[in-house]
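Undergrad: My numbering numbers the first residue of the sequence shown as 247 and each following residue consecutively.
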Amino acid sequence: MAHNFKTELDRPYPLPEGAAEFFQEHGYIKLKRVLSAELLAYYGEVITRKVLELNTMHLPMEERDTYQRAFLQVMNLWRQNALVREFVMSKRLGRIAAELLGCQGVRLYHDQALYKEPGGGVTPWHADQYYWPLATEKSCTVWIPLQETPLEMGPLAFSA
(Lines of atoms letter the chains of each structure in order from A; the text may use other names.)
(Lines give C-alpha, C1' and ligand atoms only; values in the text may rest on other atoms or scores of the structure.)
Protein backbone atom coordinates (compact mmCIF):
# COMPACT_ATOMS: atom_id res chain seq x y z
CA MET A 247 0.00 0.00 0.00
CA ALA A 248 2.65 2.56 1.02
CA HIS A 249 4.66 1.65 -2.08
CA ASN A 250 1.90 3.01 -4.33
CA PHE A 251 1.83 6.19 -2.26
CA LYS A 252 5.59 6.61 -2.64
CA THR A 253 5.10 6.37 -6.40
CA GLU A 254 2.42 9.09 -6.23
CA LEU A 255 4.73 11.30 -4.13
CA ASP A 256 7.52 10.88 -6.70
CA ARG A 257 5.31 11.64 -9.72
CA PRO A 258 5.26 15.25 -10.98
CA TYR A 259 2.11 17.33 -10.49
CA PRO A 260 1.32 19.36 -13.60
CA LEU A 261 0.73 22.94 -12.51
CA PRO A 262 -2.30 24.52 -14.19
CA GLU A 263 -1.50 27.01 -16.93
CA GLY A 264 -0.71 30.42 -15.42
CA ALA A 265 -0.29 29.05 -11.87
CA ALA A 266 3.29 30.25 -11.41
CA GLU A 267 2.42 33.70 -12.73
CA PHE A 268 -0.60 33.92 -10.40
CA PHE A 269 1.57 32.89 -7.44
CA GLN A 270 4.27 35.42 -8.34
CA GLU A 271 1.71 38.22 -8.62
CA HIS A 272 -0.50 37.43 -5.61
CA GLY A 273 1.83 35.54 -3.25
CA TYR A 274 -0.52 32.58 -2.83
CA ILE A 275 -2.29 29.92 -4.84
CA LYS A 276 -4.78 27.14 -4.13
CA LEU A 277 -3.98 23.94 -5.99
CA LYS A 278 -6.60 21.21 -6.04
CA ARG A 279 -6.07 17.46 -5.93
CA VAL A 280 -2.31 17.63 -5.51
CA LEU A 281 -2.50 14.46 -3.40
CA SER A 282 -5.12 11.69 -3.52
CA ALA A 283 -7.63 11.25 -0.70
CA GLU A 284 -6.21 7.78 -0.06
CA LEU A 285 -2.66 9.10 0.27
CA LEU A 286 -3.81 11.87 2.64
CA ALA A 287 -5.71 9.35 4.77
CA TYR A 288 -2.68 7.04 4.98
CA TYR A 289 -0.11 9.69 5.86
CA GLY A 290 -2.66 11.58 7.95
CA GLU A 291 -2.92 8.59 10.30
CA VAL A 292 0.87 8.35 10.56
CA ILE A 293 1.21 12.09 11.23
CA THR A 294 -1.64 12.13 13.77
CA ARG A 295 -0.11 9.25 15.74
CA LYS A 296 3.24 11.04 15.84
CA VAL A 297 1.65 14.35 16.87
CA LEU A 298 -0.21 12.68 19.74
CA GLU A 299 3.01 10.93 20.81
CA LEU A 300 5.13 14.12 20.76
CA ASN A 301 2.54 16.68 21.89
CA THR A 302 3.62 18.46 25.08
CA MET A 303 0.47 20.59 25.58
CA HIS A 304 -1.60 19.08 28.36
CA LEU A 305 -3.13 22.19 29.97
CA PRO A 306 -6.94 22.38 30.05
CA MET A 307 -8.23 24.71 27.31
CA GLU A 308 -9.29 27.41 29.80
CA GLU A 309 -5.72 27.70 31.16
CA ARG A 310 -4.07 28.24 27.76
CA ASP A 311 -3.09 31.55 26.16
CA THR A 312 -4.37 32.67 22.74
CA TYR A 313 -1.90 30.67 20.65
CA GLN A 314 -2.07 27.61 22.90
CA ARG A 315 -5.86 27.60 22.39
CA ALA A 316 -5.51 27.99 18.63
CA PHE A 317 -3.94 24.59 17.92
CA LEU A 318 -1.63 21.81 19.00
CA GLN A 319 1.71 22.31 17.32
CA VAL A 320 4.52 19.83 16.74
CA MET A 321 7.48 20.78 14.56
CA ASN A 322 9.96 18.82 12.47
CA LEU A 323 8.11 15.52 12.48
CA TRP A 324 10.21 14.52 9.46
CA ARG A 325 13.13 14.03 11.84
CA GLN A 326 11.11 11.64 14.01
CA ASN A 327 9.52 9.28 11.49
CA ALA A 328 10.64 7.83 8.14
CA LEU A 329 7.13 7.87 6.65
CA VAL A 330 6.61 11.50 7.62
CA ARG A 331 9.99 12.27 6.04
CA GLU A 332 8.88 10.49 2.86
CA PHE A 333 5.75 12.70 2.75
CA VAL A 334 7.38 16.02 3.69
CA MET A 335 10.42 15.55 1.45
CA SER A 336 8.47 14.23 -1.52
CA LYS A 337 9.60 15.11 -5.02
CA ARG A 338 6.04 16.14 -5.89
CA LEU A 339 5.78 18.83 -3.19
CA GLY A 340 9.34 20.05 -3.69
CA ARG A 341 8.90 20.38 -7.45
CA ILE A 342 5.64 22.33 -7.03
CA ALA A 343 7.35 24.78 -4.66
CA ALA A 344 10.35 25.18 -6.98
CA GLU A 345 8.17 25.80 -10.03
CA LEU A 346 6.03 28.37 -8.20
CA LEU A 347 9.10 30.16 -6.82
CA GLY A 348 10.87 30.03 -10.18
CA CYS A 349 13.99 28.25 -8.96
CA GLN A 350 15.83 24.98 -9.59
CA GLY A 351 15.24 23.44 -6.18
CA VAL A 352 14.07 24.15 -2.66
CA ARG A 353 15.12 23.37 0.89
CA LEU A 354 12.94 22.65 3.88
CA TYR A 355 13.11 25.22 6.68
CA HIS A 356 10.76 23.20 8.89
CA ASP A 357 7.60 21.17 8.89
CA GLN A 358 4.84 21.91 11.33
CA ALA A 359 1.77 19.86 12.24
CA LEU A 360 -1.02 22.09 13.52
CA TYR A 361 -4.10 20.39 14.95
CA LYS A 362 -7.24 22.33 15.86
CA GLU A 363 -8.90 20.91 18.96
CA PRO A 364 -12.65 20.97 19.62
CA GLY A 365 -13.47 24.15 21.54
CA GLY A 366 -10.12 25.69 20.68
CA GLY A 367 -9.63 29.34 19.82
CA VAL A 368 -9.12 31.14 16.56
CA THR A 369 -5.72 31.52 14.96
CA PRO A 370 -4.91 35.25 14.85
CA TRP A 371 -4.04 36.82 11.49
CA HIS A 372 -0.33 36.56 10.83
CA ALA A 373 2.29 36.28 8.10
CA ASP A 374 4.73 33.42 8.54
CA GLN A 375 7.70 34.74 6.56
CA TYR A 376 8.30 37.72 8.85
CA TYR A 377 9.35 35.31 11.60
CA TRP A 378 11.71 33.20 9.52
CA PRO A 379 15.46 33.88 9.72
CA LEU A 380 15.96 33.69 5.96
CA ALA A 381 17.93 36.05 3.72
CA THR A 382 15.56 35.59 0.77
CA GLU A 383 11.97 36.24 -0.14
CA LYS A 384 11.91 33.08 -2.26
CA SER A 385 10.04 31.06 0.33
CA CYS A 386 6.60 29.57 0.65
CA THR A 387 4.31 27.78 3.04
CA VAL A 388 2.54 24.62 1.92
CA TRP A 389 -0.73 24.03 3.77
CA ILE A 390 -2.00 20.47 3.41
CA PRO A 391 -5.25 19.71 5.25
CA LEU A 392 -5.34 16.05 6.26
CA GLN A 393 -9.15 16.01 6.30
CA GLU A 394 -12.02 17.76 4.57
CA THR A 395 -12.12 21.32 5.91
CA PRO A 396 -15.45 23.05 5.16
CA LEU A 397 -15.99 26.73 5.97
CA GLU A 398 -17.72 25.80 9.26
CA MET A 399 -14.41 24.35 10.47
CA GLY A 400 -12.47 27.55 9.79
CA PRO A 401 -10.04 26.66 6.99
CA LEU A 402 -7.00 28.67 5.97
CA ALA A 403 -7.75 32.14 4.60
CA PHE A 404 -5.48 34.43 2.60
CA SER A 405 -5.07 38.17 2.86
CA ALA A 406 -3.27 39.53 -0.16
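From the three backbone atoms N, C-alpha and C, an ideal C-beta is built for every residue, glycine too.
The structure presented is a predicted model; accordingly, all values stated were derived computationally and were not measured.
Curious, which full-length alpha helix (DSSP H) runs of at least 4 residues does the stretch 316–349 contain?
TA: Those alpha helix (DSSP H) runs which fall completely within the stretch 316–349 and span 4+ residues are 328–334, 337–347.
Undergrad: Could you tell me whether the stretch 278–285 touches the stretch 254–269, where touching means 3 or more Cβ pairs closer than 8 Å?
TA: Verdict: yes, contact present.
Undergrad: Nearest CA to the CA of Trp371: which residue from Tyr289, Arg325, Thr312?
TA: Position 125 of the sequence shown, counted from the start, is the residue given in the question as residue 371. Taking only the C-alpha atoms, the option nearest Trp371 is Thr312.
Undergrad: So the candidates are Arg338, Leu347, Val330, Ala343; which of them puts its Cα closest to the Cα of Ile293?
TA: In the sequence shown, the residue the question calls residue 293 occupies position 47. Closest option to Ile293, Cα to Cα, is Val330.
Undergrad: For Phe269, I'd like the list of residues in its chain whose CB is within less than 7 Å of its CB, leaving aside the five on either flank, ordered along the chain.
TA: Here the question's residue 269 lines up with position 23 in the sequence shown. Excluding positions up to five away in sequence, the list reads Ile275, Leu346.
Undergrad: Could you spell out the range, first to last residue, of the beta strand (DSSP E) harbouring Gln358?
TA: In the sequence shown, residue 358 corresponds to position 112, counting from 1. Start and end: 358–361.
Undergrad: Using beta-carbon positions only, say whether Ala266 and Gly348 come within less than 8 Å of one another.
TA: By one-based count along the sequence shown, residue 266 stands at place 20. By one-based count along the sequence shown, residue 348 stands at place 102. The answer is yes: Cβ separation under 8 Å.
Undergrad: Could you give the first and the last residue of the continuous alpha helix (DSSP H) run that contains Val297?
TA: Numbered from 1 along the sequence shown, position 51 holds the residue referred to as residue 297. Note, Val297: alpha helix (DSSP H), 283–300.
Undergrad: Three-state secondary structure (DSSP) at Phe268?
TA: Here residue 268 refers to the residue found at position 22 when the sequence shown is read from its first residue. Of the three classes helix, strand and coil, the one that applies to Phe268 here is helix, per DSSP.
Undergrad: For Lys384 and Arg353, what's the separation of their Cα atoms in angstroms?
TA: Counting from one through the sequence shown, the residue named residue 384 turns up at place 138. Counting from one through the sequence shown, the residue named residue 353 turns up at place 107. Taking C-alpha positions only, Lys384 is separated from Arg353 by approximately 11 Å.
Undergrad: Between Thr395 and Pro401, what straight-line distance do the alpha-carbon atoms span, to the nearest angstrom?
TA: Along the sequence shown, one-based indexing puts residue 395 at 149. Along the sequence shown, one-based indexing puts residue 401 at 155. Roughly 6 Å between the two C-alpha positions.
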